[in-house]
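For the sequence shown, this note's numbering gives the first residue as 202, with consecutive numbering after it.
Cβ coordinates follow ideal geometry from the N, Cα and C atoms, glycine included.
Inspection log for the structure reproduced underneath, given as structure tokens.
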Amino acid sequence: MYGMSNKASHSLDLEDTRQLIAGAIAELDLQQIAVTRRLTPAQRFQEGLSMIRLAEQVGAYRLRLRRPELGQAEALRIIRSQT
202 MYGMSNKASH SLDLEDTRQL IAGAIAELDL QQIAVTRRLT PAQRFQEGLS
252 MIRLAEQVGA YRLRLRRPEL GQAEALRIIR SQT
């Protein structure tokens, strides 16, 4: 994981935790947060679905690079079954 020492991910110390939080805060886009606050719950839900679909498509694309014999539907099935 980003910002972590060579320790196992389940044994974060206080400094590791602080670094992870600071990194996450540094990546916040205040303008995007303002836009998101104006969305209805249904629009937020739709945005969430859109992000999930994008992540699935990227995962399927990367899987198909390693296993070109797979079709898109099969790659998506494999990606979806890994969660």
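Residues of its chain near residue i, where Cβ-Cβ distance is below 6 Å and the 5 sequence neighbours each way are ignored
i, result
"Y203", "Reliability fails at Y203, whose pLDDT of 45 lies under 50, so the model's placement of it is uncertain and the value that follows must be treated cautiously. Excluding sequence neighbours, Y203 sits near nothing in its chain."
Beta-carbon spacing of residue i, residue j below 7 Å
i, j, result
"A276", "R267", "no"
Where the alpha helix (DSSP H) through residue i begins and ends
i, result
"P242", "242-267"
"R239", "First-last for R239: undefined, no H or E at that position."
"E216", "215-227"
Nearest candidate by alpha-carbon position, reference residue i, set the options
i, options, result
"E248", "A261, Q233, G260", "Q233"
Residue i (DSSP reduced to helix, strand or coil)
i, result
"E270", "coil"
"Q283", "coil"
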